[in-house]
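In the working numbering, the protein residues as written are 9 to 104. For glycine and all other residues, C-beta sits at the position ideal for the given N, C-alpha and C. Comments concern the structure below.
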């Protein structure tokens, strides 16, 4: 005999709920806060400051997109995987 499981059972909800879509962009503040939580903001800040054109792009940007060269530089500076970048963008959007 099969046991009936409630629709609101956490295991059922987790199984049926589709994963949240990964955002393709975030605000600078959200990204800074996410990097701060990881303890990586000092590294990213130094990588931005090391190049005048990158610093200018950071200063002028209001939104950062995953494919932007500026974001790619941050990813490379930390050696992040695609999965880590996904989580970073999700967290950055949650923090603002």
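CB of residue 81 within 9 Å of CB of residue 56, strictly:
By 1-based counting over the chain shown, the position of residue 81 is 73. By 1-based counting over the chain shown, the position of residue 56 is 48. Yes.
Residues in its own chain within less than 7 Å of residue 43 by CB, not counting five upstream and five downstream?
For this step, residue 43 is matched to residue 35 along the chain shown. Counting only Cβ-Cβ distances below 7 Å, and skipping sequence neighbours, we find 49, 52.
Please tell me whether residue 72 and residue 79 are closer than 9 Å, where the distance is taken between their beta carbons.
Numbered from its first residue, the chain shown carries residue 72 at position 64. Numbered from its first residue, the chain shown carries residue 79 at position 71. Going by C-beta atoms, residue 72 is nearer than 9 Å to residue 79.
Limits of the alpha helix (DSSP H) - the one that residue 72 falls within
Walking along the chain shown from the start, residue 72 turns up at place 64. That residue, residue 72, is in no alpha helix (DSSP H); its beta strand (DSSP E) goes 71 to 73.
Could you name the residues that DSSP lists as bridge partners for residue 33?
Counting from 1 along the chain shown, the entry for residue 33 is found at position 25. Paired residue(s): 73.
Cβ of residue 58 within 9 Å of Cβ of residue 36?
Indexing the chain shown from 1 puts residue 58 at position 50. Indexing the chain shown from 1 puts residue 36 at position 28. Taking 9 Å as the Cβ cut-off, residue 58 and residue 36 do not qualify as a contacting pair.
Residues near residue 14 by beta carbon distance below 8 Å, same chain, minus five either side:
As a position in the chain shown, residue 14 is number 6, starting the count at 1. Same-chain partners within the cutoff: 20.
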